[in-house]
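S.K.: My structure is below; once you've seen it, I'll send some questions.
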Amino acid sequence: MGVTLDSLWLGFSVALQPAVLWYAFLGCLVGTLVGVLPGIGPLAGISILLPITFGLNATNAIVMLAGIYYGSQYGGSTTSILLRIPGEASSVMTCIDGNAMARKGRAGAALCIAAVGSWIAGTFGVIVLTLVAPPLATIALKFGPPEYTALLVLGLVFLAYMSTTSLSRTLLMAAFGLLLGTIGIDPLSGHFRYSFDIPELGDGIGIVPVAVGLFGLGEILATPSHQVTGEVIRPKLRELWPNRQEWRDSGWPIARGTVLGFLIGIIPGSAHIISSFLSYAVEKKISKHPEEFGQGAVAGVAGPESANNAASTGAFVPMLALGIPTGPVTAVLMAALMIHGVPPGPSLVNDHPEVFWGFVASMYVGNVMLLALNLPLVGIFVHLLRIPYAYLYPLIIMFCVIGVYEVAHSIVDVWIMLIMGVVGYALKKFSFDPAPLVLGLVIAPIFEMSLRQSLIMSDGNWLIFLQRPIAFVLMIVCAGLLAMSAFSAFMARRDWRAQMAEEVKE
Amino acid sequence: MRSHFSFGSLRSDHIAGAFFIVFGIIVFALSGDLPFGSLSSPGAGMMPKLLLVLMIVFGIALLFGAAASQPFAGIEWSDGSHALMVVVIAGIAITLYQTLGFILTMTLLVFTLLIVVERKPVLNAAAYSIGLTMIAWWVFGKALKSPLETGILGF
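Respectively, the protein sequence lines represent chains A and B.
For what it's worth, my numbering labels the leading residue of the first sequence as 1, then goes sequentially.
For what it's worth, my numbering labels the leading residue of the second sequence as 1001, then goes sequentially.
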């Protein structure tokens, strides 16, 4: 504990330097804007701004990019509550009761509860991250290829289990993403795979063009401007403070959402999205008045908003401690670290303590900044929401092109982004979730390498995944999740995930 | 014997499942030169081929469960023309990007989107597209020192 406090002290000495504070503030501000503006999520925001961090040192770069990530979770609630359009995917559930509260004249209270819940969850997440990541990194040093393979399989299975679409659809998307991840030169044999004599494809397909295409451009293609005609509710500053009953109603949902979100955040998948869905389902399930959900239930705002913030912090645990991305956003953050010569993973804490602890400490500061930003400046964000969508999306397309092109100055990447935009549009039409595709692409290199190394180690014996204790436990959990999924599909065609999907559609 | 098949009974998962099966088979055929290797010494083709088999299996699963999916005719395509126009305009912009450079391409991209897709007044569209591009050029190119494409005209 003493060592952790000493290290945290080192972190604060880094995080409180004026330059780091400035980049944390910039990240939080841009993140809030990214969250507020519909059609541009944290992934697109981070990807677009990745090239501008090339001139910064590793600490400033990661502090700013992480600020965009958790800042967007705060900002997303503003659009959901005031416009009933999710600013980003994890705010979908907040639309339901947040906007209902706003229509009852409690917009300010809903925004305040969302911001305070986010702050509590974010801060809790950072405290647990501070305590958990270093010892986990020590354990992870004992991980070999079979353990990494089993962990990644668990991530995919967990994502499939939690998904609101069917198991086969999710795994199909993950397989598609993994297949895209095999494009390029095979690192073990040097074979070119599916590069079709295009030199740029030799390095494989980047995460940024795929993610920006699927989540940025794909969203724009499916959203003609005449469909975005939401009425913005403008809260008054004096209405921002919730009443005593609202505070009381939000206490336990914030606590539950925080713990649930953090735990889900640790596991690979679109944690911040899944966590808010699950938190909403839990709150509705245990509420004494489930009929109030959809009509402006405080718990329907407090729980999901806390959960998505805790999850976004939890996602940093495997990224920093194991070097495993839990989703596309953490994959881009990992790429940013690697660009700056700082490989994330178990050795990060010891090899680059100033980066690791500076980053952790900056998140304490960033969460306070976000609380200060989101409440008093809500009026400014409301003005932003009044920019007609017809003028907004050309700007987003421009940013998508700049962001993708500037990463590697490759026009092929921009074409990939456009193709992925069309793919994202088609997937939306056929009710596929693109998140497993991106996760598959992200983990493909690690997954393939660890799988092949495991097989080489065992002389081709698949039982290696059952002969090593950690891998065995992870595989048993996978089998349990698959069995539970198959059982629920067999026993009742409409289980809780299907019901949640229905609620979102409504 | 009369067939009970009609296009009206097609479900979205029939199309999606069939697509992924055909896609898997085509890519598998293209993977002929990739060595599978052996389990003790996996080759470059092992992972892609396993994944393609999985994709085909999941595609078949989609076909079998297709009855529960939405009718194909029920998929809303009213945004299709908007999507097509945006894709075509963006595609032209990408083709011209390295030739015309950042300022010209982006100005034309935004202007064309506003005029062709959104039917905005020409003056508004021109002012907005020029202003926006210049702000983006200054922010990215000057303030953040990101090397933007200059093109044959030198800017």
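Just so it is clear, CB atoms sit at the ideal spot from N, CA and C, and this is done for glycine as well.
Count the other CB atoms, across all protein chains shown, that sit within 10 Å of the CB of B:Phe-1155; report buried if there are 16 or more and exposed otherwise.
M.R.: To locate residue 1155 of chain B, count along the second sequence from 1; it is residue 155. Exposed is the call here.
S.K.: Along the chain, where does the alpha helix (DSSP H) that runs through A:Lys-429 open and close?
M.R.: Residue mapping note: residue 429 of chain A aligns to position 429 of the first sequence, counting from 1. Start and end: 411 to 429.
S.K.: At the level of alpha carbons, what is the spacing between A:Gly-177 and A:Arg-256?
M.R.: Position 177 of the first sequence, counting from 1, holds the residue named residue 177 of chain A. Position 256 of the first sequence, counting from 1, holds the residue named residue 256 of chain A. Using only the alpha carbons, I get a separation of about 33 Å.
S.K.: Measure the Cβ-Cβ separation of A:Thr-4 and A:Gly-125 and say whether it is below 8 Å.
M.R.: Position 4 of the first sequence, counting from 1, holds the residue named residue 4 of chain A. Position 125 of the first sequence, counting from 1, holds the residue named residue 125 of chain A. Not a contact, by the Cβ cut-off of 8 Å.
S.K.: State the Cα-Cα distance for the pair A:Gln-539 and A:Gly-218, rounded to the nearest angstrom.
M.R.: The question about residue 539 of chain A has no answer here: the residues shown for chain A are numbered 1 through 506.
S.K.: What residue range is occupied by the uninterrupted alpha helix (DSSP H) comprising A:Glu-291?
M.R.: Here residue 291 of chain A refers to the residue found at position 291 of the first sequence. Unbroken run through A:Glu-291: none, as it is neither H nor E.
S.K.: Could you list which residues in chain A have their beta carbon closer than 7 Å to that of B:Ile-1075, in chain order?
M.R.: Residue 1075 of chain B sits at position 75 when you count from the first residue of the second sequence. Lys-429, listed in chain order.
S.K.: Using DSSP bridges, identify the partner residues of A:Arg-193.
M.R.: Along the first sequence, one-based indexing puts residue 193 of chain A at 193. Bridge partners of A:Arg-193: A:Gly-184.
S.K.: Counting only the same chain and skipping the five closest in sequence on each side, list residues whose C-beta sits under 6 Å from that of A:Leu-43.
M.R.: The residue you call residue 43 of chain A lines up with position 43 of the first sequence. For A:Leu-43, where only same-chain residues beyond five positions count, the Cβ hits under 6 Å are Ala-211, Phe-215, Pro-328, Val-329.
S.K.: Taking 8 Å as the cut-off, decide whether the C-beta atoms of B:Ile-1021 and B:Gly-1045 are in contact.
M.R.: Here residue 1021 of chain B refers to the residue found at position 21 when the second sequence is read from its first residue. Here residue 1045 of chain B refers to the residue found at position 45 when the second sequence is read from its first residue. No; because the gap between Cβ atoms is not below 8 Å, this pair is not in contact.
S.K.: Can you find a C-beta in chain B that's less than 8 Å from the C-beta of A:His-191?
M.R.: Residue numbering aside, residue 191 of chain A sits at position 191 when the first sequence is read from its first letter. Chain B contact via Cβ: present.
S.K.: At least one CB of chain A closer than 8 Å to the CB of B:Pro-1048: is that the case?
M.R.: One-based indexing of the second sequence puts residue 1048 of chain B at position 48. Taking Cβ atoms only, chain A reaches closer than 8 Å to B:Pro-1048, which makes this a yes.
S.K.: Using the three-state DSSP reduction, which class does B:Pro-1048 fall into: helix, strand or coil?
M.R.: As a working mapping, residue 1048 of chain B is identified with position 48 in the second sequence. Three-state result, B:Pro-1048: helix.
S.K.: If you follow the alpha helix (DSSP H) that B:Ile-1152 is in, where does it begin and where does it stop?
M.R.: Numbered from its first residue, the second sequence carries residue 1152 of chain B at position 152. Run containing B:Ile-1152: none; DSSP gives neither H nor E here.
S.K.: Would you report the Cα separation of B:Met-1085 and A:Ala-390, rounded to the nearest angstrom?
M.R.: For the purposes of this step, residue 1085 of chain B is identified with residue 85 of the second sequence, where counting begins at 1. For the purposes of this step, residue 390 of chain A is identified with residue 390 of the first sequence, where counting begins at 1. Whole-angstrom Cα-Cα distance: 14 Å.
S.K.: Starting from A:Asp-351, follow the alpha helix (DSSP H) in both directions and report where the run begins and ends.
M.R.: Position 351 of the first sequence, counted from the start, is the residue given in the question as residue 351 of chain A. 348 to 351 is the span of the alpha helix (DSSP H), which, as asked, contains A:Asp-351.
S.K.: Excluding the five sequence neighbours on either side, which residues of its own chain have a C-beta within less than 8 Å of the C-beta of A:Gly-403, listed in chain order?
M.R.: Against the first sequence, residue 403 of chain A aligns to sequence position 403. Counting only Cβ-Cβ distances below 8 Å, and skipping sequence neighbours, we find Ala-44, Ser-47, Ile-48, Leu-49, Leu-50, Pro-51, Val-208, Val-212.
S.K.: Nearest-angstrom Cα distance between B:Gly-1141 and B:Gly-1065?
M.R.: For the purposes of this step, residue 1141 of chain B is taken as residue 141 along the second sequence, with counting starting at 1. For the purposes of this step, residue 1065 of chain B is taken as residue 65 along the second sequence, with counting starting at 1. Roughly 52 Å separates the two Cα atoms.
S.K.: Across the region 109 to 127 of chain A and the region 436 to 448 of chain A, are there enough close Cβ pairs to call them in contact, namely three or more that are closer than 8 Å?
M.R.: Flag = no, the region 109 to 127 of chain A and the region 436 to 448 of chain A do not touch.
S.K.: Going by beta-carbon coordinates alone, are B:Ser-1040 and A:Leu-455 separated by less than 8 Å?
M.R.: On the second sequence, residue 1040 of chain B is found 40 positions in, with the first residue counted as 1. On the first sequence, residue 455 of chain A is found 455 positions in, with the first residue counted as 1. Cβ atoms of B:Ser-1040 and A:Leu-455: closer than 8 Å.
S.K.: Can you pull the DSSP bridge partners for B:Ser-1038?
M.R.: Here residue 1038 of chain B refers to the residue found at position 38 when the second sequence is read from its first residue. Answer is B:Ser-1041, bridged to B:Ser-1038.
S.K.: Bridge partners for B:Arg-1011 per DSSP, in chain order?
M.R.: In the second sequence, counting from the first residue as 1, residue 1011 of chain B sits at position 11. For B:Arg-1011, which the question treats as bridged, DSSP gives the partners B:Pro-1071.
S.K.: Could you tell me if A:Gly-572 is buried or exposed, where buried requires 16 or more neighbouring beta carbons within 10 angstroms of its beta carbon?
M.R.: With chain A covering 1 to 506 only, the question about residue 572 of chain A has no answer from this structure.
S.K.: Listing by chain order, which chain A residues have their CB less than 9 Å from the CB of B:Ala-1071?
M.R.: Within the second sequence, residue 1071 of chain B is the residue found at index 71, counting from 1. With the sequence shown as reference, residue 1071 of chain B is identified as Pro, and Ala is not the correct amino acid for it. In chain order: nothing, as chain A lies at least about 12 Å away.
S.K.: Spatial neighbours of A:Ala-174 within its chain, please: C-beta separation below 6 Å, excluding the five flanking residues on both sides.
M.R.: By 1-based counting over the first sequence, the position of residue 174 of chain A is 174. Leu-156, Pro-436, Gly-440, listed in sequence order.
S.K.: Classify A:Ile-198 as helix, strand or coil using the three-state DSSP reduction.
M.R.: The residue given as residue 198 of chain A occupies position 198 in the first sequence. Here A:Ile-198 sits in coil by DSSP.
S.K.: Any residues in the region 205 to 225 of chain A with a beta carbon nearer than 8 Å to a beta carbon of chain B? Which ones, in chain order?
M.R.: Against chain B - using a Cβ distance shorter than 8 Å - the residues of the region 205 to 225 of chain A are Leu-217, Ile-220, Leu-221, Ala-222, Thr-223, Pro-224, Ser-225.
S.K.: Leaving out the 5 sequence neighbours to the left and right, which residues in its chain are closer than 8 Å to A:Ile-205 when beta-carbon positions are compared?
M.R.: For this step, residue 205 of chain A is matched to residue 205 along the first sequence. Cβ neighbours of A:Ile-205 beyond the five flanking positions: Leu-180, Gly-181, Ile-183, Gly-184, Ile-416, Leu-441.
S.K.: Considering only the alpha carbon of each residue, which of A:Lys-428, A:Ala-15, A:Gly-2, A:Pro-434 lies closest to A:Ala-222?
M.R.: Here residue 222 of chain A is taken as the residue at index 222 of the first sequence, counted from 1. The candidate whose alpha carbon is nearest that of A:Ala-222 is A:Lys-428.
S.K.: Return the first residue and the last residue of the alpha helix (DSSP H) that A:Gln-295 is part of.
M.R.: What you label residue 295 of chain A is simply residue 295 of the first sequence in a count that begins at 1. Taken as a continuous stretch (DSSP letters only), A:Gln-295 belongs to no alpha helix (DSSP H), as it is neither H nor E.
S.K.: Output yes or no for whether 8 Å exceeds the beta carbon distance between A:Ile-274 and A:Ile-264.
M.R.: By 1-based counting over the first sequence, the position of residue 274 of chain A is 274. By 1-based counting over the first sequence, the position of residue 264 of chain A is 264. Yes, these two residues count as a Cβ contact at 8 Å.
S.K.: Using three-state DSSP, classify B:Lys-1142 as helix, strand or coil.
M.R.: Taking the first residue of the second sequence as 1, we reach residue 1142 of chain B at position 142. Reduced to three states, the DSSP call for B:Lys-1142 is helix.
S.K.: Return yes when the Cβ of A:Ile-120 is within less than 8 Å of the Cβ of A:Ser-362, no when it is not.
M.R.: Locating residue 362 of chain A in the first sequence gives position 362, where the first residue counts as 1. Locating residue 120 of chain A in the first sequence gives position 120, where the first residue counts as 1. Not in contact: A:Ser-362 and A:Ile-120 (Cβ atoms no closer than 8 Å).
S.K.: With the cut-off set at 8 Å, would you say A:Asn-309 and A:Gly-108 are in Cβ contact?
M.R.: Sequence index remark: in the first sequence, residue 309 of chain A carries index 309 (1-based). Sequence index remark: in the first sequence, residue 108 of chain A carries index 108 (1-based). Result no, Cβ atoms of A:Asn-309 and A:Gly-108 do not sit closer than 8 Å.
S.K.: Identify whether A:Pro-304 lies in helix, strand or coil by the three-state DSSP scheme.
M.R.: For the purposes of this step, residue 304 of chain A is taken as the residue at position 304 of the first sequence. Correct three-state label for A:Pro-304: helix.
S.K.: Does B:Phe-1058 come within less than 8 Å of chain A when only Cβ atoms are used?
M.R.: Position 58 of the second sequence holds residue 1058 of chain B. For B:Phe-1058, the answer is yes, since a Cβ of chain A falls inside 8 Å of its Cβ.
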